[in-house]
Amino acid sequence: MKRIYTLTAVAAIISLLFSSCNDFLERAPGDNLTKEELFSNIETAEKYLNNAYIFLPDYQYPTEDLSGRYKLGDATDEGGFQQGYDYQACPFDINIGSWSPNRMPMERNWSDYYGCIRRCNKFIENYDLIPEEISNGAPSNRRERMLGEAYGLRGYYYWLLFKQWGGIPIINKVLDPGDIASTSGIKRATAEETLNQVLSDMEEAKKHLPVKHKDGDFGRFTSLVATIVESQVKLYWASPYWNPDNDMERWEEAVDYCRTAYNMALENGHVLSLKYADLFNKVTSVSETEVIWVKNSEHMECHWWDVYALPLGYGAFNVDGPLQEFVDSFEMEGSGEIPVLGYTDDNQQIVNPLATDYDPLHPWDGREERFYCVILTNGMMLQGRPIDISENGKDNLNYGPVTRTNYFNKKYVELNHNLYTDAGETYRRFAIMRTAELYLNYAEALNEVEGATPRVYELVNTIRRRANVKELPEGLDKNGMREKIRHERKIELCFENHRFWDVRRWKIAEYVDVGKVHKVHVDAEGNISYPVFQNRVFDPEKSYLFPIPQGEIDKNRLLEQNPGWNN
934 MKRIYTLTAV
944 AAIISLLFSS
954 CNDFLERAPG
964 DNLTKEELFS
974 NIETAEKYLN
984 NAYIFLPDYQ
994 YPTEDLSGRY
1004 KLGDATDEGG
1014 FQQGYDYQAC
1024 PFDINIGSWS
1034 PNRMPMERNW
1044 SDYYGCIRRC
1054 NKFIENYDLI
1064 PEEISNGAPS
1074 NRRERMLGEA
1084 YGLRGYYYWL
1094 LFKQWGGIPI
1104 INKVLDPGDI
1114 ASTSGIKRAT
1124 AEETLNQVLS
1134 DMEEAKKHLP
1144 VKHKDGDFGR
1154 FTSLVATIVE
1164 SQVKLYWASP
1174 YWNPDNDMER
1184 WEEAVDYCRT
1194 AYNMALENGH
1204 VLSLKYADLF
1214 NKVTSVSETE
1224 VIWVKNSEHM
1234 ECHWWDVYAL
1244 PLGYGAFNVD
1254 GPLQEFVDSF
1264 EMEGSGEIPV
1274 LGYTDDNQQI
1284 VNPLATDYDP
1294 LHPWDGREER
1304 FYCVILTNGM
1314 MLQGRPIDIS
1324 ENGKDNLNYG
1334 PVTRTNYFNK
1344 KYVELNHNLY
1354 TDAGETYRRF
1364 AIMRTAELYL
1374 NYAEALNEVE
1384 GATPRVYELV
1394 NTIRRRANVK
1404 ELPEGLDKNG
1414 MREKIRHERK
1424 IELCFENHRF
1434 WDVRRWKIAE
1444 YVDVGKVHKV
1454 HVDAEGNISY
1464 PVFQNRVFDP
1474 EKSYLFPIPQ
1484 GEIDKNRLLE
1494 QNPGWNN
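With positions in the sequence shown counted from 1, the corresponding number in our numbering is that position plus 933.
Shown next as C-alpha cells:
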C-alpha cells in the first residue's frame, strides 16, 4: 500500500512540474494579455521565448499520463522498462507492438513541439514591437540574440518532429485556433521540404547568434548548435532509411556539413573531456568543454533521474534497466572483443572465442572503462554496501508481476544521493549535444564516401583512446568500418537519446529490436543465469515512423497518416 501511495505522490508532483509552466505568459488568444503588453517590454518578451525551451529532449521522457518516466533507450536495444504492462503509452507498447494512432508513447510530442513552434512564430511576428536594450549607452545584442533563438528553436522542433514522423505540416505563422478553415486544411510537407525548412531556420538563426554564451546563458541556442543541427540533418538524409538508393551526393554533402560542425566546435574550445568517467555529473556550467548544448531542467527532474535508476533496496523505484544484450556489447579491456555473441534457445551464452579474457563465472570483470561508467551490477559497491540482486537479496524486491533486468544505469545518476534523506543530491543538466558525437558523425559520413581512410581511423580511435579502449584493428574495409562506427556510437552515446533514432535511420531496427532479450539472475548460491526479459517485435512496414495521432487526423481533413498505420 505504501508503494501505491508513493507512486501516486510522484504522479502528482510530475503533473505539477509540467503544469507549472502555465503561468500568465501561457494565456491563450482572447485573454487580456495583448501582444503590446507581451512584447513592449524586453524582459517579458524574453520570458515568453524562454518557455519554448521547456520541451527540449531530456534524460527521461514522461509517460502520456505524466505518472511516470522512462528512457528512450527502453524502446530499443539499450534497456527495458520495468513498471508494468498496464502503464498508459510507455515503451512496452513499442516493444510488443501494441501501439497505434490512438495510443502511443511520445504522442505528446506532436502538440508540445507544435506549441513551441507557435510560440516562436508569435515571437518572430511581433519582433518589431520589442525595444532595444541599452547597455553602456549603446544597444546590446540581447534583442537580436532572442530573434536568433526563435528561429533556431522553431527549426529544431521541426527537426524533432521529422525524426519521429517524417514529413510534417510546416506552419510558419500564428494560426487562430478558432478559424476551423485555416487549421483543418493543412497538408503535410514532404520529407525533403521539412528538412529544407529546418535548414532555412538554422541559416537564419546563425545570422543573429554567437557561437557560445556566457555561463548565465548556458543552454540557449547558438550558431554552433544551429551548425550541428544542419550536420545532423544531412547525415540523416544520407542514411539508408531516407536514402534507399545510396545517393553518394547526399553522403558528400554530409561530409562537408559534419566536417564544418566538427571544426567549428574544436575551434571554439569544445574539445573532448579528458575522462569519460567525469563527463556526466559535471555539466553544470560552460567549464565542461565537451558539452555544447544542455537542457536546463527543473531541479526536481534530476531527483527523479536517481529515483528511477538506482536499485530498489536504496529507496528507488528502478523503473528501467540496461538489457543483458546491451551489457554484452561492452568490449573486454584486454582483447578488445565483445565477449558474448548471443544466446541459445535455452538462454545459454554464446561466448566469443576471440574474447579469451572473458570469464563466464565473473562476467563483469575486465571490461572496458566505459562499462564501469554506465552500468551497475550485482556486487558493485554503492553507498557503503554491495548491490545484491540474488534471491532474497536487498535489491531483489518485486512488486506484482513486474520483471527487472537486474542491471542499473549509472550515467547521469548521483550515486551518493540518499533517497531516504535526500542528502547528497546534486543538480545536473542533460547534454543534448557534445563533441564526441561530432567525431562519430564526421567519421560515419567520411567512411561512406572515402572508405576506412587514416582520417576515419583517427576520428574513431580518438574517442576510444579517451576511454582507454584498444584502437580499431587495421585493415578494415568500408563495411567493416561502418559496423565499428555504429558500435562505437552505441557505447559512447548510450542513454543519450541517439540509439533509438540511429537504428531507424540505418534501417536496422527490424534486426536489433526483435526477438528475445535477456536479463540476469543470481541465485542464493551465486550462480548466474540469463532468463528472457521480453520477446520483442518490430514491423518494418510501419514502425520506422510513428503514427500521426488519430486526434490530429480527425481535426485536419488533409493530414495523411503514415504508411501502415491506417488499419
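Glycine is no exception: its CB is placed at the ideal position from the N, C-alpha and C atoms.
* Where ASN1468 falls: helix, strand or coil (DSSP) -> strand
* To do: Would you kindly check if the distance between the Cβ of VAL1346 and the Cβ of LEU1274 is under 8 Å?
  => no
* Asked: Going by other Cβ atoms of all chains shown within 10 Å of its Cβ, with 16 needed for buried, is PRO1464 buried or exposed?
  -> exposed
* Would you mind giving the Cβ-Cβ distance between PHE1341 and VAL1227, rounded to the nearest angstrom? I have them listed as a contact below 8 Å. => Not really, about 24 Å apart at Cβ, beyond 8 Å.
* **Span of the beta strand (DSSP E), counted from its first residue to its last, around HIS1451** => 1448 to 1451
* Asked: According to DSSP, is SER1462 helix, strand or coil?
  -> strand
* To do: Please state whether DSSP places GLY1413 in a helix, a strand or coil.
  => helix
* Per DSSP, ILE1481 is paired with what? -> Note: ILE1481 sits in no beta bridge, so no partner.
* Could you check where the beta strand (DSSP E) with PHE1363 kicks off and where it finishes? -> 1363 to 1367
* Start and end residues, beta strand (DSSP E) containing LYS1228 -> 1224 to 1228
* Specify the secondary structure class of ASN1489 as computed by DSSP and reduced to three states. => coil
* To do: Determine the closest residue to LYS1106 out of CYS1049, GLY1149, GLU1136, LEU1157, with distance taken between C-alpha atoms.
  => CYS1049
* To do: Kindly indicate the opening and closing residues of the alpha helix (DSSP H) around GLN1130.
  => 1124 to 1141
* **Start-end ranges of the alpha helix (DSSP H) lying completely within the stretch 1263 to 1322, minimum 4 residues** => 1302 to 1307
* Keeping to the same chain, check which residues put their C-beta closer than 8 Å to that of TRP1439; ignore five residues upstream and five downstream. => SER1172, PRO1173, TYR1174, ARG1419
* **Cα-Cα separation between ASN1054 and LEU1094, rounded to whole angstroms** => 16 Å
* Asked: Nearest-angstrom Cα distance between VAL1284 and PRO1293?
  -> 8 Å
* **For GLU1381 and LYS1344, the rounded distance between their alpha carbons** => 31 Å
* Would you list, in sequence order, the uninterrupted alpha helix (DSSP H) runs of no fewer than 4 residues that lie entirely inside the stretch 1368 to 1443? => 1368 to 1383, 1387 to 1399, 1411 to 1425, 1432 to 1438
* To do: Could you tell me which residues DSSP pairs with HIS1454 in its beta bridges?
  => SER1462
* Is the distance from the Cβ of GLU1264 to the Cβ of VAL1436 below 8 Å? -> no
* To do: Tell me, please, whether the CB atom of PRO1102 is closer than 8 Å to any CB atom in chain B?
  => Of the chains in the structure shown, none is chain B; there is only one protein chain.
* How is the alpha helix (DSSP H) around PRO1024 delimited, first residue to last? -> 1024 to 1028
* Same chain, Cβ closer than 7 Å to GLY963, five either side skipped, listed in chain order -> Because GLY963 sits at a pLDDT of 33, beneath the cut-off of 50, its placement in the model cannot be relied upon, and the point is left open.
* Asked: Would a C-beta distance cut-off of 8 Å place GLY1085 and LEU1142 closer than the cut-off?
  -> yes
* Compute the distance between the beta-carbons of ASN881 and VAL1455, then report whether it is under 8 Å. => The question about residue 881 has no answer, for the chain in this structure spans 934 to 1500.
* Rounded Cβ spacing between TYR1003 and ASP1253 (contact assumed at less than 8 Å) -> 6 Å
* Name the DSSP bridge partner or partners of GLY1202? -> The partner list for GLY1202 (beta bridge, DSSP) is empty, contrary to what the question assumes.
* Asked: DSSP puts ILE1067 in a beta bridge; with which residues?
  -> PRO1072
* **Residues bridged to PHE1056 (per DSSP)** => Looking at the DSSP assignment, PHE1056 forms no beta bridge with any residue, so it has no partner.
* Asked: According to DSSP, is ARG1337 helix, strand or coil?
  -> coil
* Does the count of Cβ pairs from the stretch 1095 to 1102 and the stretch 983 to 1000 closer than 8 Å reach three? -> no
* the stretch 1293 to 1306 in contact with the stretch 1389 to 1402 per 3-pair CB rule at 8 Å -> yes
* To do: Would you kindly report the start and end of the unbroken beta strand (DSSP E) that includes PHE1014?
  => 1012 to 1014
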